[in-house]
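Asks: Sharing a structure here in structure tokens format.
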Amino acid sequence: MELLANLGLGLSTSLTPLNLLYCLAGVFLGTLIGVLPGLGPTATIAMLLPVTFTLPPVSALIMLAGIYYGSQYGGSTTSILVNVPGEAASVVTALDGYQMARQGRAGAALTTAAVGSFFAGTVATVILALFAPPLAAVALKFGPAEFFSLMVLGLLASIVLARGSLLHAAGMVVLGLLLGLVGTDVNSGIQRFTFGLLRLADGVGFVVVAMGMFGLAEITRNLENEEDRSMVVNKVSSLMPTREDWKRMIGPILRGTCIGSALGILPGSGSILGSFAAYAIEKKVSKNSKEFGKGAIEGVAAPESANNAGAQTSFIPMLTLGIPSNPVMALMIGAMIIQGIQPGPSVITEQPTLFWGIIVSMWIGNLFLVILNLPMIGMWVRIVSVPYQMLFPAILVFCGIGVFSLNNTEFDVHAMAVFGLIGYLFVKLDCEPAPMLLAYILGPMMEEYMRRALLLSRGDPTVFFTRPISATLLALGALAVIAASLPAMHKKREEAFRE
Amino acid sequence: MYRGGTGKEDALNPIARNPKDFWTGLIYIFVGSAALIISRDYDMGTAVKMGPAYFPTLLSVLLVGIGIVSVLRSMFKSGSPIGAVAWKGLFLIVASTVLFGVIVRGAGVVVALPLLVIISASASVRFSWKTSIAEAVGITVFCIVIFLKGLGVPLPILGSWFGN
Chain P
1 MELLANLGLG LSTSLTPLNL LYCLAGVFLG TLIGVLPGLG PTATIAMLLP VTFTLPPVSA
61 LIMLAGIYYG SQYGGSTTSI LVNVPGEAAS VVTALDGYQM ARQGRAGAAL TTAAVGSFFA
121 GTVATVILAL FAPPLAAVAL KFGPAEFFSL MVLGLLASIV LARGSLLHAA GMVVLGLLLG
181 LVGTDVNSGI QRFTFGLLRL ADGVGFVVVA MGMFGLAEIT RNLENEEDRS MVVNKVSSLM
241 PTREDWKRMI GPILRGTCIG SALGILPGSG SILGSFAAYA IEKKVSKNSK EFGKGAIEGV
301 AAPESANNAG AQTSFIPMLT LGIPSNPVMA LMIGAMIIQG IQPGPSVITE QPTLFWGIIV
361 SMWIGNLFLV ILNLPMIGMW VRIVSVPYQM LFPAILVFCG IGVFSLNNTE FDVHAMAVFG
421 LIGYLFVKLD CEPAPMLLAY ILGPMMEEYM RRALLLSRGD PTVFFTRPIS ATLLALGALA
481 VIAASLPAMH KKREEAFRE
Chain D
1001 MYRGGTGKED ALNPIARNPK DFWTGLIYIF VGSAALIISR DYDMGTAVKM GPAYFPTLLS
1061 VLLVGIGIVS VLRSMFKSGS PIGAVAWKGL FLIVASTVLF GVIVRGAGVV VALPLLVIIS
1121 ASASVRFSWK TSIAEAVGIT VFCIVIFLKG LGVPLPILGS WFGN
């Protein structure tokens, strides 16, 4: 019954008026940026990080978490109403959701998405509460060699799951690791790769990199084919699905939740992979597979459940191991470090209010989201129609002021501009920025664990392969890379990302 | 962007045939070598007692290796073209951000923010002076109220260039 006591602790933390307020603020903002195409959770969380420094850690993380899963709800609204995915994870929802909207069933599609998301969110909260503590307990027994190998596994997984060439993604990871080393070396005290710049003594600001590569670069990329954006917003009629609809959505919601929860835990994936996989599988198993692409309710229910479940279970590696599974989680780890919390398996025992508060707040947040999304749909419909040419200058302003306020220096603003330039360059070369950001966060930690592991083994590098857990983790990583580079899988992988 | 000549030349020229692999590889080789050279200034240490150069040296060698494979691949395997680059958008977004950084203290937010909004907005094909100016005014007021007054970001409303 320890679980109940823990959930009780979580409830008492997340139900304080202040935390309720930040939870609501988070999911509201999340829905907003989810609805707005061209503004993703990574850029938003990066923008808001400076604001959260002044908050208590629990409130800050509750709000940031809310932004992430809230954006999964909001993304479906845009997909369904205008056929433009508000969020990357809602790309597949547009296929059938938009067709439903054209048939005058936008309301039913929106309700399906919300019901599926709520169910998935509830299940994922339970999964998180059940599985995170034992996983953290196992991880507490990890030595430095195991942690090092775990990070290698996480990075290899992010390479496999990145869009485009494996080789390029691998390079981005190494680049990120190197970037993470810029600044003062904690052991020797010397400054590495700072080019004599005093501003770089503390390293390249994490928020600076994230805002440049995910904010500025993304804006520039969106400006490439601006003309394509047609904004015909479908009308929303009755929100109530028919009896037949209810029957048809149960199976897909259950399957989507399972797939999304499982894939969300994988490093490097988060919510996007889950929604694609759930749609593909549903198309195969459904009795109504012929209707897919023409407005099948299953095609909305499955991916929307999966992306919300995945968004929440992706917190598991972050909270229990201190390993980010996607850029959003990397930002969360950044937020924790700035708040003075050392991410890792000890968070659960040393910061139980934080840990359980976040978990319970997710369920409360999901409840808020249903209320925000269904009765208030009219407001979101109006926001969908905000044109991008008005949106991006505002994003730029928030990035500029946000990044300035980090250290109150113009240097960070200029560094952000440079990373925007670099980020766009890499986008053009098919090098995804996400693996680089993960590696950037992990770089200093990996060096430290490697140092300790080698110290304990008296300089014997085989320690990573002779300790059983460490060897297993490395083998898993190697297996994933080999599987992804096999010709047959390689083709499948390309298809999966193209869809 | 570079465009090759006739089809025959293209087949032999990795820059034209597989520009993404070629350039990415070159960047990796460049950054990796630079990091390798810089790391030589630091103490390498030994495996038992890793010095500050140990991990970066390992990474640099790895990065150069990945870069070489990428360049080699571009010579044997054709890839997709780089595609249209939003030069105007890229320039205006980066330039407006840099300008904001340069003038925000001296001129203050009432000058820096509207300039950031209007210059960046002009990157859009749907740019219009009227909406941009209206947006610039709205955003500036919003930022002064929320960020400067509300959250206490230490930026001047009107900067030192105006005698404040």
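Those sequence lines, one after another, are chains P and D. Residue numbers for the first sequence follow our numbering, beginning at 1 and rising by one. Residue numbers for the second sequence follow our numbering, beginning at 1001 and rising by one. No residue lacks a Cβ here, since even glycine has one placed at the ideal position from N, Cα and C.
(1) Output, in chain order, the set of chain D residues within a Cβ distance shorter than 7 Å of P:G40.
(2) When the Cα atoms are used, what is the spatial distance from D:G1007 to D:R1017?
(3) Please report the straight-line C-alpha distance between P:S237 and P:S325, rounded to a whole angstrom.
(4) Measuring only between beta-carbons, confirm whether D:M1050 sits less than 8 Å from chain P.
(5) Taking the alpha carbon of P:L49 as the point to measure from, which residue in P:L321, P:I395, P:M332 has its own alpha carbon closest?
(6) Are P:F214 and P:I441 closer than 8 Å when you measure CB to CB?
(7) Shorter than 8 Å from the beta carbon of P:I45 to some beta carbon of chain D?
(8) Is any beta-carbon of chain P found at less than 8 Å from that of D:T1097?
(9) Applying the 10 Å Cβ sphere with the 16-neighbour rule, what's the burial state of P:W363?
(10) Which of helix, strand or coil does DSSP assign to P:L7?
(11) Is there at least one Cβ from chain D nearer than 8 Å to P:E447's Cβ?
(12) Just checking, does the region 1095-1109 of chain D make contact with the region 1037-1057 of chain D on the three C-beta pairs under 8 Å criterion?
(13) Going by DSSP, what residues sit across from P:R192 in a beta bridge?
(14) Quick one: is the Cβ of P:L4 within less than 7 Å of any heavy atom of the ligand NAD?
(15) Using DSSP bridges, identify the partner residues of D:M1050.
(16) Would P:A296 and P:Y68 qualify as a contact pair, given that the criterion is a beta-carbon distance under 8 Å?
(17) Looking at P:L354: is its Cβ nearer than 8 Å to the Cβ of P:V360?
(18) Comparing the C-beta of P:K141 with each C-beta of chain D, is any distance below 8 Å?
(19) Quick one, which residues of the region 188-221 of chain P are near chain D if we go by CB-CB under 7 Å, in chain order?
(20) Select from the region 1112-1124 of chain D all residues with a C-beta closer than 7 Å to any C-beta belonging to chain P, and list them in chain order.
(21) Run the CB neighbour count on D:W1023, radius 10 Å, all protein chains shown included, and call it buried at 16 or more, exposed below.
(22) Extract the residue ranges of the beta strand (DSSP E) inside the region 378-424 of chain P, only unbroken runs of 3 or more that lie entirely within it.
(23) Which residues, in chain order, does the region 1015-1032 of chain D contribute to contact with chain P at a C-beta distance below 7 Å?
(24) Any beta carbon of chain P sitting closer than 8 Å to that of D:G1007?
(25) Using a Cβ-Cβ distance under 8 Å, would P:M504 count as near chain D?
(26) Could you tell me the distance, in whole angstroms, from the CA atom of P:I469 to the CA atom of P:E146?
(27) What does P:L177 touch in chain D if you count any residue whose Cβ is under 7 Å from its own?
(28) Whose C-beta lies closer than 8 Å to the C-beta of D:L1116 among residues of the same chain, with five residues either side of it excluded?
(29) How many angstroms separate the CA atom of P:L476 from the CA atom of D:G1079?
(30) Assuming D:S1124 and P:L223 form a contact by the criterion Cβ under 8 Å, report the distance between their Cβ atoms to the nearest whole angstrom.
(31) Against P:E224, what residues of chain D qualify as contacts under a CB-to-CB distance less than 9 Å, listed in chain order?
(32) Rounded to whole angstroms, what is the Cα-Cα separation between P:L197 and P:M249?
(33) Taking the alpha helix (DSSP H) that P:N373 belongs to, which residues open and close that run?
(34) Does the region 143-158 of chain P come close enough to the region 287-303 of chain P that 3 or more CB-CB pairs lie under 8 Å?
(35) State buried or exposed for P:E2, treating a residue as buried only when at least 16 other CB atoms are found within 10 Å of its CB.
(36) For the 8 Å Cβ check, are there 3 or more pairs between the region 391-401 of chain P and the region 89-106 of chain P?
Replies: Taking the coordinates as given:
(1) Under a criterion of Cβ atoms nearer than 7 Å, no residue of chain D is adjacent to P:G40; the nearest Cβ is some 17 Å distant.
(2) Here D:G1007 scores only 44 on pLDDT, less than 50, and its place in the model is too uncertain to base an answer on.
(3) 39 Å
(4) Yes, its Cβ sits closer than 8 Å to a Cβ of chain P.
(5) P:M332
(6) no
(7) No, P:I45 lies away from the interface with chain D (no Cβ there is under 8 Å from its Cβ).
(8) True, the Cβ-Cβ gap to chain P drops below 8 Å.
(9) buried
(10) Here P:L7 sits in helix by DSSP.
(11) Residue contact with chain D for P:E447: present (Cβ-Cβ distance below 8 Å to some residue of chain D).
(12) no
(13) Per DSSP, P:G183.
(14) Looking for the ligand NAD in the displayed structure turns up nothing, as the structure carries no ligands at all.
(15) D:G1045
(16) 8 Å or more divides the Cβ of P:A296 from the Cβ of P:Y68.
(17) no
(18) It does not: the Cβ of P:K141 has no partner Cβ on chain D nearer than 8 Å.
(19) S188, I190, R192, F193, L216, I219, T220
(20) The residues in question are L1113, L1116, V1117, S1120, A1121, A1123, S1124.
(21) buried
(22) none
(23) K1020, W1023, T1024, Y1028, V1031
(24) The pLDDT assigned to D:G1007 is 44, lower than 50, so where the model puts this residue is not dependable, and the model offers no usable value.
(25) Missing from the structure shown is residue 504 of chain P; chain P here goes from 1 to 499 and no further.
(26) 6 Å
(27) L1059
(28) S1096, T1097, L1099, F1100
(29) 30 Å
(30) Confirmed, Cβ separation roughly 7 Å.
(31) G1083, A1084, V1085, A1086, G1089
(32) Cα to Cα, P:L197 sits roughly 58 Å from P:M249.
(33) 352-373
(34) no
(35) exposed
(36) no
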